[in-house]
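To start, the structure under review is shown below, and the notes come after it.
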């Protein structure tokens, strides 16, 4: 039985693969943030270490879906 993942779309996001706008959704899988394009299926993952490294103190907060 597969557990349901809470998915949230990212307004204004552009897919780096197919260049479609508003097709990127964010979800949490096994403690890892993943972004997937519903148009072409392109996926990206970002670990907490990558988030911390990229922030350099300029990020107000990081969106963590439940």
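In the working numbering, the protein residues as written are 3 to 68. Virtual Cβ for every residue (Gly too), placed ideally from N, Cα, C. Bear in mind that the values here come from a model prediction, so they are computed numbers and not experimental data.
Query	Result
CA-to-CA distance, residue 15 to residue 45, given in whole angstroms	13 Å
Where residue 42 falls, given that 16 or more other Cβ within 10 Å makes a residue buried	exposed
Distance between beta carbons of residue 9 and residue 26, contact taken as under 8 Å	Their Cβ separation, rounded to whole angstroms, is 10 Å, which puts residue 26 and residue 9 out of contact at 8 Å.
Extent of the continuous beta strand (DSSP E) run through residue 39	34-39
Identified DSSP bridge partners for residue 47	36
Between the CA atoms of residue 21 and residue 30 - distance to the nearest angstrom	23 Å
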